Structure formats: C-alpha cells, structure tokens
Ligand SMILES: [Zn+2]
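Protein chains in written order, with our numbering: chain A, 1 to 331; chain B, 1 to 281.
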C-alpha cells in the first residue's frame, strides 16, 4: 500500500522499473536510469526525513507494519494464548497469554493488539479496537501475572476502545478504569512498547507501565487527530494540524518525558524492513525486564506512583498547593 | 425530605439575575425541557435546578453542588489558585481558559476541598461542566489527586462529583495521562484506607473521566436522567450507524446494565450520602 505522500517516490520507482525493462544494452537509457535513481534517493530523503506528525500517524497505521503476530513469532519461544473474559465473550482485538521470551528465556504474561494481516482478519479483530470483553480479558491476564509473579509485557497497537452500542451496554468505561487500577497496583513489573497506534484510554489500559518504549513512527494520543480536528477545529480535514498541535509523536513524547525510549525505524517506516525493528523491540523489552527484575512489589508500586503522580504538575501548579500537602512527585 | 421537595416558593415577577447557571434560561420563566411547562427561574434556583413539576435535573455549578451537598459553611477549598498552563502551546487555548474563567467565576473545571456531610468529615471534589465542558486537563487531574491525597493523609471518605465531556484535548498527552495519575493516587488510597470512595455521576459524564476515577469507586451514585458512558451517542451513531434505544446511557439505563448502584434525586443526595457514610465510616 502506497501512502499519499509517498506518490513521488512510487512514480520514480515505477519509471525506473519501466526503463530497466526496456533498457537492455542501451547506454543512453542506463544513464537515464542512473539519473532517476539519484532522484529517487533524494526524494526518499526529502520525504522520509521530513515526515509530519500526521504522516507518521499514517505510517503507524500501515497495514503491512509488523503486528502482534510478527513480534510473537520473532520474540517468543512459546506463546500460550488464553481466551475470554469469563463474563461475556472472547474479544480478539486483544490477545494475551503466557510466553517465554527467546532472549534470556524469561517467562512473562504477554498482551497485545492483533490488528490482523489482511482485510478479513482486520475486520475479525475489529482493527484492534477492543470491546469491554477485551479489557476484562486483560484484567484477567493482569491478575494471572500477579498470581504467578510474572512480569507483564504489552505491545500496544490500537486506535482506541471501540465506540458502539454493545460496548457501552457492557460498560466500556468501567472495564478500562479497572485495567488502569490493576496496572497501577500491579505487584509485578509492567513493560510496554507502543508498536503501532496508541489511541487514548484504550491504549493506556495497556501501557500504564514502569517502562514505556515507542517506535519512532508510533504515536500516543488522547484522541484521534481526525476526531480532534472535527471537535476543536470543526473540520475533520484539519487532522494534519490537530496531530501537530497535540504533540503525539514519539519524539514529542520523549521530549515531554512521557516515554522512556524511542526505538528507531528504517527510512519510510518499520514495514520497509521489519526484522531489525522487531529485534530492537525485543532488545528494549529484555533490557527493561532485566532492570526491573527482582524489584519488590512495594518499591515497584512507589516507583510507578512517582512516575505518574508528577505528570502535568509543573512548577506553577506546585505554587497552587495550599501547603497542607507535601509533594511526593518527582516534579 | 418530601415536603421540601414539593414546597413551592413564592416567586416574584421581577426577574432575578439568572444564577442557576443555565445559559438557556433567560428572564423570569422558560419552558421546561422535561415537562414543557413554564418553569420559573426562582423556583428552579431554590430547588438546585430541579424542575418542580417533573423533577428534570438541569445542570448545576460546582459551588451550588457544594452548597447542596456539604453542611452549611463546612467547605474549605484547597488549591483554589491553581491555574492551567498551555503546556503544548495549543492554539487558542489561553483564550478558551480566559473565557471559561470569566463565564464560571472559577479557576478550573474542578473545585476541591474538605467538608462535612451530616457532620461527617470528607474530602470532596466537584466538577463544573461550564468550564470547557468539564474537561479534564492537568489541573483537574491534579485536584482529583490532591483530594485523594487529603483523604489518604487525613483518613477521610472520598467523594467526587463528576460532570465532564472527557479529556481536555488542548492539553494533548498531558490530559490522557491524568487517567494514569488519578489511578495511581486512587490505588494508594484504597490500599491504605478503609474509608469509602463514593462517585456521584451527573449529566453528562463521558470519556476519560468515566474511563478512570468516576467509575472506579466503591459506590457509584447517579442523578436521574444523567447521561454517562465512554463515547457519546452522537459519536456512536456517526461511527457505527447503529440505532440507539430510547434512554441510551441514562443513569437508569446504566443501572439496568449493572453499572450504577443507585439513582439519587438531587434534593436527597446529601441525606443519601450521609447514610452511606454512617454505615461505613
Ligand atoms: Zn419540568
């Protein structure tokens, strides 16, 4: 799939292919091809080194982007998947189970959003948008992690929680808030990487974490840029501006201290060359687990508390405190 | 309580200043949204914006809610001077804040403090929908956290009255992470204290607020007719083309679906909360 802003690259590539087919021994055409290849290199750099936030969002949504199954296959030795929320149903927009990581052989509870690989599976997994059953399955998995003392590893790739009648009737907001609390009080380390989309509360229900990594072209946002544009600018076509204004890119998040690490992608996005990206994600998870391993539950809890308690509490807010409280935050 | 509910005040024809906080109600009377009968501004105000004919619950401001809920004179505000910053330099945000402050007379969409209810000391935070749709930014999240912190440190029951369109987009990622901030603080409180956390949900409460502290309570009370959910009906209809049933997401609907404990008439709220506090605290 070619994204809009990639058209100039695609056109050059097509012309090169066409000429290569015709060229044969013709020196004149060989020269032309060399020229086009130089132009192609320039266009690639011009476009891919100057991606706008919204273009990154488009890359994060690319259907060929390495997905949960790619990571499972590459990074785990044995993924023992579990199903169901034990209340109502099985939601395949969220997957999870026990796993042994190849690197270091660590056992973990692994959860992630499986968006699927083709139209059919993407529809089946509801494009990674979970219903309450998905969030309640997560809560089950978080509880299992606590019970067996296994760290939680999550790979986040969701546009957000699903907005629909059934989801509302079965308590979408209630299911999400329970997950947030479960992660907040988790006695085991929580290690998350945003590998694709990080949409709103639905994503946060998987990444209130002790370590949060993010791929270079992934994002984490309070609302989809398209929705922000239609609400704030009253014009959904201004998604580009909304993406810019909300500071949702990996780079912005790192700058604001929200994520611990930005994991680089090849020029044009992870789908151009998935293997090193998947490996880098595995490496980041391994290092985070190693660092957090053996931390006792109360220290983990305190660390997580400090990490999130301080968010959005800059100096002037401190001044607003009335002196009855001592700040426990890092801010 | 009943006699007070049905008591109708003498009203004067000279139009009082509209203090009910309802922009839509101008002048002496208006047609009630619930029963379509004329309702007098003065009547509404004396009943904390509940229609004397049909009990339709109109929104009320945070200060009015506190007057309704807390014992007279018992409320002391904390972090009153706390003001939002334009953390992301979001275009137009300062202007919106300025307008909201002017319109509401408040510093933010949340008023937090300590009070007594029927003589029982509590930590109390109340949202105000007039302030940028009761949206949750850093200050709202901070005030929720401070209220929880006060409850923890002073071993008080915690009461939060919500009314919110959701997270405040103008604060981008900071608004999303208020869900995390309030969650870690709430967990600390519930781990260490045996006092109840009561969430009172009023019309409307959606998005990030329902996906975090508003639904994470020991007991969830809601006002009659209050709409509460994750995504609003318009969003759902727009996205899925589903036809939504009558009364979708109202407090009554949510109680039917097991999401809300009790539906409490506004004028009975103080008494209801007092009973709960005395059973648990
Ligand atoms: Zn009425």
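Quick reminder that beta carbons are idealized off the backbone N, C-alpha and C, glycines included. All values reported here derive from a predicted model rather than from experimental measurement.
- When the Cα of residue 77(A) is compared with those of 54(A), 56(A), 95(A), 103(A), which residue comes out closest? Residue numbering aside, residue 77(A) sits at position 77 when the first chain is read from its first letter. That would be 103(A), whose Cα lies nearest to the Cα of residue 77(A).
- Mind listing which residues of the segment 207-224 of chain A have their C-beta closer than 8 angstroms to chain B's C-betas, in chain order? 208, 220, 221, 222, 223
- Item | Shell residues, 5 angstroms Cβ cut-off relative to heavy atoms of ligand 1 | 32(B), 34(B), 35(B), 51(B), 53(B), 54(B), 56(B)
- Task: Go ahead and pull the three-state DSSP assignment for residue 267(A).
- Result: Along the first chain, one-based indexing puts residue 267(A) at 267. Coil.
- Task: At 4 residues or longer, and completely inside the segment 191-272 of chain A: list those alpha helix (DSSP H) runs for me, N to C.
- Result: 200-207, 225-232, 239-245, 250-255
- Message: Would residue 183(B) pass as an interface residue toward chain A - the criterion being a Cβ-Cβ separation below 8 angstroms?
- Response: Counting from one through the second chain, the residue named residue 183(B) turns up at place 183. Yes, its Cβ sits closer than 8 angstroms to a Cβ of chain A.
- Message: With the cut-off set at 8 angstroms, would you say residue 118(A) and residue 67(A) are in Cβ contact?
- Response: Taking the first chain and counting its residues from 1, one reaches residue 118(A) at position 118. Taking the first chain and counting its residues from 1, one reaches residue 67(A) at position 67. Result no, Cβ atoms of residue 118(A) and residue 67(A) do not sit closer than 8 angstroms.
- Whole-number beta carbon distance between residue 176(B) and residue 222(A), since they are thought to touch under 8 angstroms: The residue you call residue 222(A) lines up with position 222 of the first chain. The residue you call residue 176(B) lines up with position 176 of the second chain. Indeed they touch by this definition, with Cβ atoms about 4 angstroms apart.
- Classify residue 169(B) as helix, strand or coil using the three-state DSSP reduction. In the second chain, the residue the question calls residue 169(B) occupies position 169. In this structure, residue 169(B) counts as helix in the three-state DSSP scheme.
- Closer than 8 angstroms, CB to CB, is residue 256(A) near chain B or not? Start at 1 with the first residue of the first chain, and residue 256(A) comes out as number 256. Yes, residue 256(A) lies at the interface with chain B (some Cβ there is under 8 angstroms from its Cβ).
- Specify, as a first and last residue, the run of the alpha helix (DSSP H) that residue 148(B) falls within. Translated into positions along the second chain, residue 148(B) becomes position 148. Counting along the chain, the alpha helix (DSSP H) containing residue 148(B) begins and ends at 138-154.
- Item | Identity of the residue in 259(B), 51(B), 243(B), 84(B) nearest residue 109(B) by Cα | Here residue 109(B) is taken as the residue at index 109 of the second chain, counted from 1. Residue 84(B) is the option with its Cα nearest to residue 109(B).
- In angstroms with no decimal places, state the Cα-to-Cα distance between residue 6(A) and residue 82(A). Here residue 6(A) is taken as the residue at index 6 of the first chain, counted from 1. Here residue 82(A) is taken as the residue at index 82 of the first chain, counted from 1. Rounded to whole angstroms, residue 6(A) to residue 82(A) spans 39 angstroms at the Cα level.
- Query: What number of angstroms, rounded off, separates the C-alpha of residue 265(A) from the C-alpha of residue 213(A)?
  - Reply: By 1-based counting over the first chain, the position of residue 265(A) is 265. By 1-based counting over the first chain, the position of residue 213(A) is 213. Each residue's alpha carbon lies about 13 angstroms from the other.
- Run through DSSP, which three-state label would residue 303(A) get? Position 303 of the first chain, counted from the first residue, corresponds to residue 303(A). If DSSP states are grouped into helix, strand and coil, residue 303(A) belongs with the helices.
- Query: Which chain B residues are close to residue 231(A), counting only those with a beta carbon under 8 angstroms from its beta carbon?
  - Reply: The sequence position of residue 231(A) within the first chain is 231, counting from 1. Ordered by position in chain B, the residues that pass the 8 angstroms Cβ test against residue 231(A) are 169.
- Burial state of residue 296(A) (16 or more Cβ within 10 Å): Working through the first chain from its first residue, we reach residue 296(A) at position 296. Its Cβ having fewer than 16 others within 10 Å, residue 296(A) is exposed.
- Message: Rounding to the nearest angstrom, what Cα-Cα distance links residue 224(B) and residue 65(B) in this structure?
- Response: The residue labelled residue 224(B) in the question sits at position 224 within the second chain. The residue labelled residue 65(B) in the question sits at position 65 within the second chain. The alpha-carbon atoms of residue 224(B) and residue 65(B) are separated by roughly 15 angstroms.
- Task: Might you give, ordered along the chain, the residues of its own chain that have their beta carbon closer than 8 angstroms to the beta carbon of residue 116(B), omitting 5 neighbours on each side?
- Result: Counted from its first residue, the second chain places residue 116(B) at position 116. The answer, listed in chain order, is 70, 71, 74, 122.
- Query: So is residue 176(A) in contact with chain B if we call contact Cβ pairs under 8 angstroms?
  - Reply: To locate residue 176(A), count along the first chain from 1; it is residue 176. Interface residue, yes.
- Terminal residues of the alpha helix (DSSP H) in which residue 28(A) lies: Taking the first chain and counting its residues from 1, the one referred to as residue 28(A) is at position 28. Segment 27-48, the alpha helix (DSSP H) holding residue 28(A).
- Query: For residue 201(B) versus residue 168(B), is the C-beta distance shorter than 8 angstroms?
  - Reply: Against the second chain, residue 201(B) aligns to sequence position 201. Against the second chain, residue 168(B) aligns to sequence position 168. Result no, Cβ atoms of residue 201(B) and residue 168(B) do not sit closer than 8 angstroms.
- Message: Any beta carbon of chain A sitting closer than 8 angstroms to that of residue 148(B)?
- Response: Taking the second chain and counting its residues from 1, one reaches residue 148(B) at position 148. No, because no Cβ of chain A sits closer than 8 angstroms to the Cβ of residue 148(B).
- Message: Determine whether the beta carbon atoms of residue 187(B) and residue 56(A) lie at a separation below 8 angstroms.
- Response: As a first step, residue 187(B) is located in the second chain; it is residue number 187 there, counting from the start. As a first step, residue 56(A) is located in the first chain; it is residue number 56 there, counting from the start. Contact: no.
- Message: Going by DSSP in three states, residue 194(B) sits in which element: helix, strand or coil?
- Response: The residue given as residue 194(B) occupies position 194 in the second chain. If DSSP states are grouped into helix, strand and coil, residue 194(B) belongs with coil.
- Message: Which runs of the alpha helix (DSSP H) at least 4 residues long sit entirely within the segment 124-187 of chain A? Give them in chain order.
- Response: 132-148, 165-169, 172-184
- Message: When you measure from the CB of residue 59(A) to every non-hydrogen atom of ligand 2, does any distance come out below 7 angstroms?
- Response: Among the ligands present in this structure, namely ligand 1, ligand 2 is not found.
- Message: If you follow the beta strand (DSSP E) that residue 121(B) is in, where does it begin and where does it stop?
- Response: As a position in the second chain, residue 121(B) is number 121, starting the count at 1. Element bounds for residue 121(B): 120-127.
- Query: Going straight from the alpha carbon of residue 229(B) to that of residue 206(B), what length do you get?
  - Reply: Along the second chain, one-based indexing puts residue 229(B) at 229. Along the second chain, one-based indexing puts residue 206(B) at 206. Rounded to whole angstroms, residue 229(B) to residue 206(B) spans 5 angstroms at the Cα level.
- Task: Under 8 angstroms between beta-carbons, which chain B residues line up against residue 246(A)? List them in chain order, please.
- Result: Indexing the first chain from 1 puts residue 246(A) at position 246. By Cβ distance, chain B contributes 88, 90, 169, 172, 173.
- Item | Nearest to residue 28(B) (by Cα), restricted to the options 37(B), 42(B), 35(B) | Translated into positions along the second chain, residue 28(B) becomes position 28. Checked all of 37(B), 42(B), 35(B); the closest Cα to residue 28(B) is 42(B).
- Query: Whose Cβ in chain A lies nearer than 8 angstroms to the Cβ of residue 180(B)?
  - Reply: Taking the second chain and counting its residues from 1, one reaches residue 180(B) at position 180. In chain order: 180, 184, 204, 208, 308, 311.
- 7 angstroms Cβ cut-off: residues of chain B touching residue 251(A): Reading the first chain from its first residue, position 251 is the one you call residue 251(A). In chain order: nothing, as chain B lies at least about 12 angstroms away.
- Item | residue 178(A) versus residue 212(B) - alpha carbon distance | Position 178 of the first chain, counting from 1, holds the residue named residue 178(A). Position 212 of the second chain, counting from 1, holds the residue named residue 212(B). Rounded to the nearest angstrom, the two C-alpha atoms are 8 angstroms apart.
- Reduced DSSP category for residue 63(A) - H, G, I as helix; E, B as strand; rest coil: For the purposes of this step, residue 63(A) is taken as residue 63 along the first chain, with counting starting at 1. Correct three-state label for residue 63(A): coil.
- Roughly how many angstroms lie between the CA atoms of residue 254(B) and residue 222(B), to the nearest whole one? As a position in the second chain, residue 254(B) is number 254, starting the count at 1. As a position in the second chain, residue 222(B) is number 222, starting the count at 1. If you take the alpha carbons of residue 254(B) and residue 222(B), they lie about 9 angstroms apart.
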